[in-house]
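Protein chains in written order, with UniProt numbering: chain A, 1 to 708; chain B, 1 to 708.
In this text, a Cβ means the ideal position worked out from N, Cα and C, and glycines have one as well.
This one's a predicted model, so the numbers in the text were calculated from it and none came from an experiment.
Since the structure comes first, as structure tokens, the remarks are kept for the end.
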């Protein structure tokens, strides 16, 4: 599948999504896609002309058809193309001649089928570029612009089409319909839904760019199989963050990239999926794990915007629900703080005697007797100074109530209390069932806010909203320092730099490294040991030698000249025996105690330099316990990454180790990351393993650098 | 809250759930509960008489009311009691005199409110027991017997009430309505739904017992806040398993029990929630984590029964959905094996050229052109010898289709292919939206099977079904060996037995223990060391001394007589200095290498003896990496538990350790468990830490036993 690399301009995107007239080329009663597209445009109230083009049939969809675009005889803004694969290019040619700038190509059979299809697809791209055309697809169902009521979309749109704040972009045709149906069932209004197809020209990032500018869109929801243009994605994600518009993404497909850094341990730690996690975190993209969470989280964020903090007050009519919410809150990192004394006192006045006044609050089954109990309690809890937001558990009616007016009155009163509350109120239903027609009516007529669908998914969404809000509050990170620094590099940057060269590179560039001396002769080794202080460690050095411990090239606990002499002799003999050149040993003082970290930087083919930090030993080898960050990463980000490690408690002094000075550790690790960036595109990987931490003393004991 | 301890008899439960006539005592137009109960009985078509009792009103709910139960003047099978709290007992008195055996008490204000309420509740229990009455509640909304159409239930039941195979038992009133609504939205039929209330007499386990016998019930769904009678629960869960009826449970509330074994490390590992996990696993109870999963999983198990294995074929009309399913399958431990060559060949004949024939299968968007594509592909995949079950992704219509007959024809054909398929077929929809009226009609009229709601929850349910099926296939475990064995015990079983006594106990009862000798004098210590072989370890011994390492009471690496002498002198002096009696040292040969395990048994107040196994060191101290099993646990269960550990790979020889003989390890650990059981109720905890594993050599290096 070919992929465009140039962003499509803003004006072209606007023209694509807001045509005044549309021609359906290849329209026929025999095609479900044609029928759907035509019906959709009619049902959504598209006000411009819809021309049908079919060279062989006079009447299509009950309307006179034209034999060609040319025969339409009046200006057309957009062509929706359903002709056979090989005929698509000629439609573009004809359209270009007539001044038609925008195209949606539903036709399949291109890059997704093989080399011949790919060739046809590239022809289309070349032609479109050469003639200033904008092409969405091919192999995509088109789009639904619900804001404008423009729906050139090849699958049925079940009524009602609800306009609203969520823009949806999908790399899947079939699931677009599912998400559309689900959004409707949640009464989540959409601004635009786009089924991308092959992204030959218009790509996901182009549509995001458009949605960032689109005043109707408050939240962007993505379904992506792969991020095809990571750099562009990063750019538009940053734009969205600056505009305060959250991007919520369901990124699927966990096939792992081939390990691209065989020399470094880090390679195995950097799975495709984990890098995507790191990238999304860096860019403030909210990652969700199911189709349901995609819409429910997007809907919630459209309602709440940023949430001030993670302290949540909970108001429900059910003790069971309170416990379900408490369990889920813990999992999502939310806290349910005790109510302030004033809140407790006020609640006691309202609630029946047998109610237990606590957070989460169960106002009891007496809501059956007094329907206002819940919203009066809400009013009080929303005044509590100790909470950042309030969850109100409330179901919309599913069936038309006996007395609709009474129901509307009740929901209107509650809606008013929610609007006037001093903290944001998040309404959630108990379980995930559809908001039915009467539910939508109540929301519309009572001005009742968004209802997150079911405690389970609502809590996922609230957790995501709180984390996103925190990201938003953090100071913006620099995008990159690459090319800024001028690192000291003393040798030719090719191949593998084993310990002695790698250590020098680190030391030259401000990373603390254990003292060491290179010894070619036994005497040099002994002199170095005396100089550094016994006991010492002696390590094998030779050209191109990577993992020296695999060949027994590390000798520990050498406590005198004879031991050093013997070790040097043996190690060098072994290296010579293997036919290696540049043979020597590296002498270092032996270190004891502390906690060993691994810091590895690799170049991810998609996202660029990625840093893994982890604890050494079993932590990495058995547990794969590491945290990833895309570079650049400042010390604050590094501290957060260290905090994510399962073994984080070791750094805090568990098992009697000296507590690490985490500020110092983060500073050194960040320095390693900056160095990796400064080393430029020639760097393939840089690994410090171990980085020894003893209190505030942090030093690299070993390192490996690979150039490409 | 008082809790009954005696199971209610089968006949009494049948009488409770199948009354021929019902009296609503305390019926009034002013109470929503009364209105709902009356309306429910009428709407569900309860065929017997419904008498209303109100001493002060002549007409209630448009029907003549009686002043008292007595005034009804004809036999009544069940009284539904809604009178004030203090009047409940007199209703029971009157009813008992009239021969009314069954009661549902909706009235609240009992044990849940405090001591006075508890006293009233106990009075009711005493009276009911004394007079052979059956009482459900108080403080519960009653039940819905959908099989019989008998619905004495105090909250609205939204139509339609769908009868079916799932029995629901809830320790929550408010959530019962949510689950009812959700089951309806999933078109999952219920046999019985019971809102338990305070479980004064009839408890969750009584209802489970009833459901195990109930021919209409195939699956039991539980919502529980606490398992109030664990022993009874275990008994009925085993009955359910024998009957092949899965129990699916949402157990909420993660408040942790106080650590009840301060002397043993194990205490901290045994959280309330983890023990529930272990208990449910042992009993074959499927634990789910959300209200949605409770119903969706129960509905699935009712449809499929046991599933043969975890190899799943997937048939969808969407590439995106395939990837979502593949991601989730991996998380659930399901495999999607490649199709057999014969399957591939047959699929290629059916599918369009551009389709990729693989598992998971996307039959492509050409389903729009040929609606039979999906079910014809299903037929082929269900023949594949390498799969145990097939997932078919298919949505029911949500809105009435233009041509209902055509739709019914299509679904009827698909339903036939599903029925005739050679592997069980699990139908799942893309997203979790309601099955609407037309969807229910299609299922009913086309005989279309259960549709699991949305890929996300469906995959959770399939994973649970596969795991439950595996449990069912395993040979039944013995319920307990307690009291069977007669262990050798050489001292008084009180207080804390530190190492030397605990080690003797283990050795006497078939657990391999490192050789050791108790030394009171220096000479004895030296003689013992010579006997055992240098280097040795020397450990402090004194009456009541628990964690000796905390006081520096362990000396390692003693490589000669002088070192032993000095260490013995120092250790004993220190112990005397602390005013301890029974001072001595324990001499052992020093062991090196291997993997250290921790094996701890504690007595959980609810579930009894519970064993934790884990790796020692950081694994336990930092990671809390342990796996729990309820005792008795056979070697096979122990092996499974060891396999769950994050550090499991260490036992397999990661990091250069000798691979452990897992059969031997499991045998020794199981022996420790059996010993704990044989020691009887006097045992509070037993901990072996470490149990050293070197290949097939397994021996306890230290142990601690606490008696209560």
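Let me know if residue 322 (chain A) comes out buried or exposed under the rule of 16 or more other beta-carbons within 10 Å of its beta-carbon.
-> So residue 322 (chain A) counts as buried.
Roughly how many angstroms separate the alpha carbons of residue 390 (chain B) and residue 425 (chain B), rounded to a whole number?
-> Inter-residue distance for residue 390 (chain B) and residue 425 (chain B) is about 5 Å (C-alpha atoms, whole angstroms).
In chain order, what residues of the stretch 295-318 of chain A put their CB closer than 9 Å to some CB of chain B?
-> Of all residues in the stretch 295-318 of chain A, 295, 316, 317, 318 have a Cβ within less than 9 Å of some Cβ in chain B.
Per DSSP, cross-strand counterpart(s) of residue 554 (chain A) = DSSP links residue 554 (chain A) through a beta bridge to A:539.
Pull up the DSSP beta-bridge partners for residue 33 (chain B), would you.
-> Looking at the DSSP output, residue 33 (chain B) sits in no beta bridge, so it has no partner there.
Using DSSP with H/G/I as helix, E/B as strand and the rest coil, what is residue 423 (chain B)?
-> Coil.
State the DSSP-derived secondary structure class of residue 520 (chain A), mapped to helix, strand or coil.
-> DSSP places residue 520 (chain A) outside both helix and strand once states are collapsed to three, so it counts as coil.
Residue 529 (chain A) at chain B interface by Cβ criterion, 9 Å = Against chain B, the CB of residue 529 (chain A) has no partner CB under 9 Å away; the residue lies outside that interface.
Going along the chain, which residues of its own chain have a beta-carbon closer than 6 Å to the beta-carbon of residue 140 (chain A), five neighbours each way excluded?
-> For residue 140 (chain A), where only same-chain residues beyond five positions count, the Cβ hits under 6 Å are 195, 196, 197.
Residue 435 (chain A) in three-state terms, based on DSSP = Reduced to three states, the DSSP call for residue 435 (chain A) is coil.
From the beta carbon of residue 289 (chain B), is the nearest beta carbon of chain A less than 9 Å away?
-> Cβ-Cβ to chain A under 9 Å: yes for residue 289 (chain B).
Would you say the beta carbon of residue 201 (chain B) comes nearer than 8 Å to a heavy atom of the ligand NAP?
-> Among the ligands in the structure shown, none appear at all, so the ligand NAP cannot be discussed.
Leaving out the 5 sequence neighbours to the left and right, which residues in its chain are closer than 6 Å to residue 250 (chain B) when beta-carbon positions are compared?
-> Excluding sequence positions up to five before and after residue 250 (chain B), its CB lies within less than 6 Å of the CB of 223, 288, 294, all in the same chain and listed in chain order.
Classify residue 280 (chain A) as helix, strand or coil using the three-state DSSP reduction.
-> In the structure shown, residue 280 (chain A) sits in a helix (DSSP, three-state: H, G or I).
Could one say the Cβ of residue 604 (chain B) lies closer than 9 Å to chain A's Cβ atoms, at least one of them?
-> By this cut-off, residue 604 (chain B) is not an interface position.
Run down chain A in chain order and give the residues with a C-beta less than 7 Å from the C-beta of residue 622 (chain B).
-> Per Cβ cutoff of 7 Å: 647, 649, 650, 654, 655.
Less than 8 Å between the CB atoms is what I'm expecting for residue 622 (chain B) and residue 649 (chain A), so what's the real figure, rounded?
-> That pair is a contact at about 5 Å.
Pull up the distance between the alpha-carbon of residue 584 (chain B) and that of residue 512 (chain B), whole angstroms please.
-> Each residue's Cα considered, the two are about 23 Å apart.
Taking a Cβ distance cut-off of 9 Å, strictly less, list which residues of the stretch 429-451 of chain A are near chain B, in chain order.
-> Across the stretch 429-451 of chain A, CB contacts with chain B closer than 9 Å involve 429, 430, 431, 432, 433, 434, 436, in sequence order along the chain.
May I ask which residues mark the beginning and end of the beta strand (DSSP E) holding residue 604 (chain A)?
-> From DSSP, the beta strand (DSSP E) with residue 604 (chain A) extends over 595-604.
Label residue 256 (chain B) either buried or exposed according to how many other C-beta atoms from any shown protein chain fall within 10 Å of its C-beta, with 16 as the threshold for buried.
-> At residue 256 (chain B) the pLDDT is 35, less than 50, meaning the model places this residue with poor confidence; the figure from the coordinates comes in the next sentence. Exposed, because fewer than 16 other Cβ atoms sit within 10 Å of the Cβ of residue 256 (chain B).
Test: residue 337 (chain A) CB closer than 9 Å to a CB of chain B | Closer than 9 Å: no.
Using a Cβ cut-off of 7 Å, which residues of the stretch 130-159 of chain A contact any Cβ in chain B, in chain order?
-> For the stretch 130-159 of chain A, the residues whose beta carbon sits under 7 Å from a beta carbon of chain B are, in order, 158.
How is residue 441 (chain A) classed by DSSP in three states: helix, strand or coil?
-> Three-state result, residue 441 (chain A): helix.
Per DSSP, what kind of secondary structure is residue 592 (chain B) in: helix, strand or coil?
-> In this structure, residue 592 (chain B) counts as coil in the three-state DSSP scheme.
According to DSSP, what are the bridge partners of residue 287 (chain A)?
-> According to DSSP, residue 287 (chain A) bridges with A:249.
For residue 592 (chain B), count neighbouring C-beta atoms within 10 Å of its own C-beta (all shown protein chains included) and say buried if the count is 16 or more, exposed if not.
-> So residue 592 (chain B) ends up on the exposed side.
Beta strand (DSSP E) runs wholly inside the stretch 11-95 of chain B, at least 3 long, in chain order = Within the stretch 11-95 of chain B, the complete beta strand (DSSP E) runs of at least 3 residues are 22-25, 50-53, 78-81.
How big is the Cα-Cα spacing for residue 616 (chain B) and residue 653 (chain A)?
-> Each residue's CA atom was taken as its position, placing residue 616 (chain B) and residue 653 (chain A) some 18 Å apart.
For residue 89 (chain A), the nearest candidate out of A:98, A:125, A:114 (CA to CA) | Ranking A:98, A:125, A:114 by Cα distance to residue 89 (chain A) puts A:125 first.
Short CB-CB distance (under 9 Å) between residue 588 (chain A) and chain B | False, the Cβ-Cβ gap to chain B never drops below 9 Å.
Any beta-carbon of chain B closer than 9 Å to the one on residue 361 (chain A)?
-> In terms of beta-carbon proximity, residue 361 (chain A) stays away from the interface with chain B, with every pair separated by 9 Å or more.
Three-state secondary structure (DSSP) at residue 373 (chain B)?
-> Residue 373 (chain B) falls in the helix class under three-state DSSP.
How big is the Cα-Cα spacing for residue 226 (chain A) and residue 203 (chain A)?
-> Straight-line Cα distance between these residues: approximately 12 Å.
Would you report the Cα separation of residue 160 (chain A) and residue 415 (chain B), rounded to the nearest angstrom?
-> Going by the C-alpha atoms only, they are around 30 Å apart.
Would you kindly report the start and end of the unbroken beta strand (DSSP E) that includes residue 662 (chain A)?
-> Element bounds for residue 662 (chain A): not the beta strand (DSSP E) but the alpha helix (DSSP H), 662-678.
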